[in-house]
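> Going by this note's numbering, the first residue of the sequence shown is number 1177, and it counts up by one from there.
Note that the Cβ used here is the ideal one computed from N, Cα and C, for glycine as well.
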Amino acid sequence: MADRAVALSGRFGTALGLAVAGLVLCLTLGTLAAVAWRAEAASGLGPADWAAVRFTLLQAALSATISVVLAVPVARAFARRRFRGRSVLIALLGAPFILPVIVAVLGLLAVFGRSGLLNDALRAVGLPEVSIYGLQGVLVAHVFFNLPLATRLILQGWAAIPAERFRLAASLGLGAGEVGRFLERPMLRAVLPGAWVAVFVVCLTSFAVALTLGGGPAATTVELAIYQAFRFDFDLSRAALLAAVQFALCLAAGGLAARVARPAGFGAGLDRPADRWDGASGWLKAQDVGVIALVSVFLLLPLALVLLRGVPQVGALPGSVWAAAVRSVAVALASTALCVALALPLAIAATGRGGRWIEAAGMLGLATSSLVLGTGLFLLLRPWVRPGDLALPVTVLVNAVMALPFVLRALLPALRDLQAGYGRLSASLGLQGFARLRLLTLPRLRAPLGFGAGLAAALSMGDLGVIALFADQGTETLPLQLYRLMGAYRMDDAAGAAVLLLGLSLGLFWVFDRGGRGHAGL
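See the structure below:
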């Protein structure tokens, strides 16, 4: 009876997951079909479009290379050193992942902009100024966002080297050079390609960075070209063709990401902490401390400057900014609710038979971008309604789909453990359907569900993508309002709006994440 109940429960979960997967497929592939139908391939890409393709690939490749190269000494320093506050500092350095892009850009302008700290110092000593705009600005912003990501990925590679390997090296009297040759370099050969491709994929779809720091014929990405074709030229055929090109680039990069990772071949260990005697020399200690200090300044100084300038301005913000903040919170909450409603049945079904294909459907958001989905939805809605009237609902929908892969990644490991540990027991007790969801699944998933919901809320709160295509006067979200304040050179108001956006984004993440961990006793 227990086996039959498990089978019936599995079929029900799979059917529900298939229904949700079909909905996600209709949304993603349907919008892509609309893009392909509207795109006039016969007209082809013009010289400016090909320049945008080349710049997109160039900036993504350079950003990934610089981020990964810089991340190696940073990850090595964290791997070799144990100090008070280490875990807190690692967590803080990872903040750019959930940081609203437009807030980070404002912080980078405070450091590298025309009136920033760097140019003020250069003028003081009679040296020429530097420009944050163009390719160099895009690279600085992408390294700011992706250096922590690359560091965490490479640091996981160091953590995966069994401590017994380091103990064996110590017993053989190997120095730091030999440890690097026999232990660290094989790990890096296995980890670096995957880290590089991960950063490359992220940089392909970085619209807000190109919008604020790029622009111009020489620094236009494909996504920025899509936006310009919509907002400035209203050339829907060209926008659709560019969206198809962007999807092809993302799909190719995603396929590459699935193939590059390979194991380092160290084998398993006893999960003991590694005693890194090889970094005990004074020179190596100073090197590691210097690296950690420099990366901390690079990543935390822009945020500190935004807070210093913006906190006093929050109380004086105009009503339009507060209205945009209310809209952003409403969009983030609705998007989070929709994302969780999609992710939970998908994740449950993905733990059963045929779950790999259901999981793949939920991961389609990684193979596209919000601008591509927005383009397709614009083309589908335009014959029936005025797209601007649906700016906020469309933003909710697209943000939910784009956050879906991250929420699935948070839920799936916990759900697989739950099924392995409690699946047959709950079936033998007749605990199925809604009762099992309420009494077993949700209580055991509160921590990953809270983290996933917080991540979805923060990403939606800071999104400056599809709303830029659809928004009319009176439907702006806070990131778009902040961008327009920057464009009008109202930098004090922009700093205040940035602090408000930062506080709301981190606050939503904390509320959801803390709520899940609090119920789980973590």
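1) Using the beta-carbon count (16 or more within 10 Å), is GLN1649 buried or exposed?
2) For the alpha helix (DSSP H) containing LEU1645, list its first residue and its last residue.
3) Excluding the five sequence neighbours on either side, which residues of its own chain have a C-beta within less than 7 Å of the C-beta of ARG1257, listed in chain order?
4) Assuming contact is defined by CB atoms lying nearer than 8 Å, are VAL1577 and VAL1642 in contact in what I supplied?
5) In angstroms, rounded to a whole number, what distance separates the CA positions of VAL1319 and LEU1547?
6) Span of the alpha helix (DSSP H) holding GLU1399?
7) Does GLY1443 come out as helix, strand or coil in the three-state DSSP assignment?
8) Who are the near neighbours of VAL1471 in its chain, counting only those whose CB is closer than 6 Å to its CB and skipping five residues on each side?
9) In this structure, how does DSSP classify ILE1274 when only helix, strand and coil are distinguished?
10) Between which two residues does the alpha helix (DSSP H) harbouring PRO1223 extend?
11) What are the boundary residues of the alpha helix (DSSP H) that THR1700 is part of?
12) Since LEU1677 and LEU1654 should fall inside the 8 Å C-beta cutoff, what is the C-beta to C-beta distance between them, to a whole number of angstroms?
13) Enumerate, from N- to C-terminal direction, the unbroken alpha helix (DSSP H) stretches of 4 or more residues contained entirely within the segment 1644-1676.
14) What number of angstroms, rounded off, separates the C-alpha of VAL1687 from the C-alpha of GLY1630?
15) Suppose contacts are defined by Cβ-Cβ distances below 8 Å. Is ALA1236 in contact with CYS1379 by that definition?
16) With a cut-off of 8 Å on the beta carbons, I'd call ALA1123 and THR1651 a contact; round off their distance for me.
17) CA-CA distance, PRO1276 and ASP1411?
18) With a CB to CB cut of under 6 Å and the five nearest residues on each side skipped, what residues in its chain are close to ARG1690?
19) State the Cα-Cα distance for the pair ALA1493 and MET1667, rounded to the nearest angstrom.
20) Might you give, ordered along the chain, the residues of its own chain that have their beta carbon closer than 8 Å to the beta carbon of LEU1522, omitting 5 neighbours on each side?
21) Quick one, which of ARG1532, ILE1242, ALA1633 and ARG1558 has its alpha-carbon nearest THR1327's?
22) Counting C-beta neighbours from all protein chains within 10 Å, is the total for ALA1659 16 or more, i.e. buried, or is it exposed?
23) For GLY1441, collect the residues of the same chain with a Cβ closer than 6 Å to its Cβ; drop the 5 residues on either side in sequence, then sort them by chain order.
24) Within 10 Å of its beta-carbon, does GLU1399 have 16 or more other beta-carbons around it, so buried, or fewer, so exposed?
25) What three-state label does DSSP hand GLU1305 in the structure shown?
26) Just to confirm before moving on: does the CB-CB distance between GLY1289 and ILE1308 stay below 8 Å?
27) Do the segment 1403-1418 and the segment 1220-1233 make contact, defined as three or more Cβ pairs closer than 8 Å?
28) By how many angstroms is the C-alpha of ALA1280 removed from the C-alpha of GLY1220?
29) For ALA1394, does the three-state DSSP call read helix, strand or coil?
30) From which residue to which residue does the alpha helix (DSSP H) around ALA1622 run?
31) With a threshold of 16 other CB atoms inside 10 Å of the CB of LEU1684, please say whether the residue is buried or exposed.
32) Near GLY1550, which residues of its chain fall below 8 Å by C-beta distance, leaving aside the five closest residues on each side in sequence?
33) Going by CA-CA distance only, name the one from GLY1302, LEU1557 and PHE1582 that's closest to GLY1206.
Let me spell this out:
1) Within the sequence shown, residue 1649 is the residue found at index 473, counting from 1. Flag for GLN1649 reads exposed.
2) Mapped onto the sequence shown, residue 1645 falls at position 469. 1642-1646 is the span of the alpha helix (DSSP H), which, as asked, contains LEU1645.
3) What you label residue 1257 is simply residue 81 of the sequence shown in a count that begins at 1. Only ASP1464 meet the Cβ criterion.
4) In the sequence shown, the residue the question calls residue 1577 occupies position 401. In the sequence shown, the residue the question calls residue 1642 occupies position 466. Result no, Cβ atoms of VAL1577 and VAL1642 do not sit closer than 8 Å.
5) The count along the sequence shown starts at 1 and reaches residue 1319 at position 143. The count along the sequence shown starts at 1 and reaches residue 1547 at position 371. The straight-line gap from Cα to Cα measures roughly 22 Å.
6) Here the question's residue 1399 lines up with position 223 in the sequence shown. GLU1399 -> alpha helix (DSSP H) spans 1398-1404.
7) Counting from one through the sequence shown, the residue named residue 1443 turns up at place 267. Note on GLY1443: pLDDT 42, under 50, position unreliable in the model; no value is reported.
8) Position 295 of the sequence shown, counting from 1, holds the residue named residue 1471. Cβ within range, chain order: VAL1250.
9) Here residue 1274 refers to the residue found at position 98 of the sequence shown. In the structure shown, ILE1274 sits in coil (DSSP, three-state: anything other than H, G, I, E or B).
10) The residue labelled residue 1223 in the question sits at position 47 within the sequence shown. From DSSP, the alpha helix (DSSP H) with PRO1223 extends over 1223-1256.
11) The requested residue 1700 is not part of the displayed model; the chain covers only 1177 to 1698.
12) Position 501 of the sequence shown, counted from the start, is the residue given in the question as residue 1677. Position 478 of the sequence shown, counted from the start, is the residue given in the question as residue 1654. With a Cβ gap of about 5 Å, LEU1677 and LEU1654 count as contacting.
13) 1654-1663
14) Along the sequence shown, one-based indexing puts residue 1687 at 511. Along the sequence shown, one-based indexing puts residue 1630 at 454. Each residue's Cα considered, the two are about 7 Å apart.
15) As a working mapping, residue 1236 is identified with position 60 in the sequence shown. As a working mapping, residue 1379 is identified with position 203 in the sequence shown. Yes, Cβ-Cβ distance for ALA1236 and CYS1379 is below 8 Å.
16) Because the chain is modelled from 1177 through 1698, residue 1123 falls outside the range shown and cannot be assessed.
17) For the purposes of this step, residue 1276 is identified with residue 100 of the sequence shown, where counting begins at 1. For the purposes of this step, residue 1411 is identified with residue 235 of the sequence shown, where counting begins at 1. For PRO1276 and ASP1411, the distance between alpha carbons rounds to 29 Å.
18) For the purposes of this step, residue 1690 is taken as residue 514 along the sequence shown, with counting starting at 1. Closer than 6 Å at the Cβ level, and outside the excluded window around ARG1690, lies no residue.
19) The count along the sequence shown starts at 1 and reaches residue 1493 at position 317. The count along the sequence shown starts at 1 and reaches residue 1667 at position 491. Checking the sequence, you will find Leu at residue 1493 rather than Ala. Approximately 12 Å between the Cα atoms of the pair.
20) Walking along the sequence shown from the start, residue 1522 turns up at place 346. Once the five neighbours on either side are set aside, the close Cβ partners of LEU1522 are GLY1193, VAL1196, ALA1197, VAL1200, ILE1534, GLU1535, ALA1537, GLY1538, LEU1580 and LEU1584.
21) Position 151 of the sequence shown, counted from the first residue, corresponds to residue 1327. Per the Cα distances, ILE1242.
22) As a working mapping, residue 1659 is identified with position 483 in the sequence shown. The amino acid occupying residue 1659 in the given sequence is Tyr; Ala does not appear at that position. It counts as buried.
23) In the sequence shown, the residue the question calls residue 1441 occupies position 265. With a pLDDT of only 45 at GLY1441, under the threshold of 50, the placement of this residue in the model should not be trusted; the figure read from the coordinates follows. So the list is empty, once near-sequence residues are dropped.
24) The sequence position of residue 1399 within the sequence shown is 223, counting from 1. By the 10 Å Cβ count, GLU1399 comes out buried.
25) Indexing the sequence shown from 1 puts residue 1305 at position 129. Three-state result, GLU1305: coil.
26) Reading the sequence shown from its first residue, position 113 is the one you call residue 1289. Reading the sequence shown from its first residue, position 132 is the one you call residue 1308. Closer than 8 Å, so yes.
27) yes
28) For the purposes of this step, residue 1220 is taken as the residue at position 44 of the sequence shown. For the purposes of this step, residue 1280 is taken as the residue at position 104 of the sequence shown. Rounded to the nearest angstrom, the two C-alpha atoms are 36 Å apart.
29) Start at 1 with the first residue of the sequence shown, and residue 1394 comes out as number 218. Here ALA1394 sits in coil by DSSP.
30) If you number the sequence shown from 1, residue 1622 lands on position 446. The residue asked about is misnamed: residue 1622 is Arg in this sequence, not Ala. Run containing ARG1622: 1622-1637, per the alpha helix (DSSP H) assignment.
31) To locate residue 1684, count along the sequence shown from 1; it is residue 508. Classification of LEU1684: buried, given that the 10 Å Cβ count is 16 or more.
32) For the purposes of this step, residue 1550 is identified with residue 374 of the sequence shown, where counting begins at 1. So the qualifying residues of the chain are VAL1570, VAL1574, GLY1641, VAL1642, LEU1645 and PHE1646.
33) Along the sequence shown, one-based indexing puts residue 1206 at 30. Minimum Cα distance to GLY1206 is reached at LEU1557.
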